[in-house]
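Student:
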Amino acid sequence: MTDRSATRDKQLRRQLGVVEDEIAAACAAAGRSREDLTLVAITKTYPASDVASLAALGITDVGENRHPEARDKREELETILPEGVTMPRLHFVGGLQTNKAGQVARYADVVQSVDRAKLARSLSRGAESAEREIEVLVQVDFGGDDAGRAGAEPADVPGLADAIADLPGLRLRGVMTVAPLGADPAPSFEHLARIADRLRQDHPAADIVSAGMSGDFAAAIAHGATHLRIGRSILGERRSLQ
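Residues 2 to 243 in our numbering are what the sequence shown spells out, letter by letter.
1. Across which residues does DSSP place E79 in a beta bridge pair?
2. List, from N- to C-terminal side, the beta strand (DSSP E) runs of 3 residues or more that fit wholly inside the region 22–58.
3. Starting from the N-terminal side, write out each stretch of the alpha helix (DSSP H) that is 4 residues or longer and does not extend beyond the region 86–158.
4. What residue range is occupied by the uninterrupted alpha helix (DSSP H) comprising E191?
5. Quick check: E65 and A71, are their CB atoms within less than 8 Å of each other?
6. Do L40 and I222 have their C-beta atoms closer together than 8 Å?
7. Taking only the alpha-carbon atoms, compute the straight-line gap between S211 and G225 and give it to the nearest angstrom.
8. Using the DSSP secondary-structure output, state which residues sit across from E65 in a beta bridge.
9. Counting C-beta neighbours from all protein chains within 10 Å, is the total for R191 16 or more, i.e. buried, or is it exposed?
10. Could you name the residues of the same chain whose beta carbon sits closer than 7 Å to that of V20, not counting the 5 residues immediately before and after it, in chain order?
11. Please classify R5: is it buried, with 16 or more other beta-carbons within 10 angstroms of its beta-carbon, or exposed?
12. Let me make sure I understand the geometry here. Which of A121, G144, D142 and F143 has the alpha-carbon closest to that of I135?
13. So, at 8 Å on beta carbons, what are the nonlocal neighbours of V86 in its own chain, with the 5 sequence-adjacent residues on each side left out?
14. Could you tell me if D62 is buried or exposed, where buried requires 16 or more neighbouring beta carbons within 10 angstroms of its beta carbon?
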């Protein structure tokens, strides 16, 4: 291990420890158990070596938002993961074009950003072709000033969820949202929790509520999130895309 990689490992360990302490505090404040939550480390734009280091530190789930970066990183991880370290589950969390969905279905374990039936059908075809089954979340949009953000309207979630549940190669697992920029995230997270509760009445296995990022995960924990998507607080300021 080079001095640079050793320094980076120490940095990741330290920052992950800080985040874990903050999650534990938020769980205590909300009367919840840390075991109820899955931390998805958002590793987009960071090298596969960082993902390998996080996996060695016990991270079981990572998130990416761009194809083919996500695919290439997954392939590299196959060759650099330390012996005895399990490959983390890959969550695709970004907006996804229909024409790339089939490729993403070949390597992603979870796609959190499904917001339309056409995209779900493309993922289904890709999963079937690869003889895989992938988990899928419905991304919900609560508006705000974020022009162009992906997400289904809250009223459209039940119909989209039903469509996903009927498609081969896909497992409906729940819902996801990104809180509107510049607004109190609590109302969106509370609304998402209500949507999730209703969804589980028809689809009991759809028990994932993915909400909360580096700046707002305490509010997400308070409103029932099961999966947190945290990048910057663990890995540092994000690198500029080239």
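Quick reminder that beta carbons are idealized off the backbone N, C-alpha and C, glycines included.
Tutor: The answer reads as follows:
1. In DSSP, E79 forms no bridge with anything.
2. 39–43
3. Complete alpha helix (DSSP H) runs here, min 4: 99–105 and 118–130.
4. It spans A187 to D203 - the alpha helix (DSSP H) in which E191 sits, taken as one unbroken run.
5. yes
6. no
7. Going from the Cα of S211 to the Cα of G225 covers about 9 Å.
8. F93
9. Looking at the sequence itself, residue 191 is Glu, so the reference to Arg does not match. Label assigned to E191: exposed.
10. I231, S234 and I235
11. exposed
12. A121
13. A53, A56 and A57
14. D62 is buried by the Cβ-count criterion.
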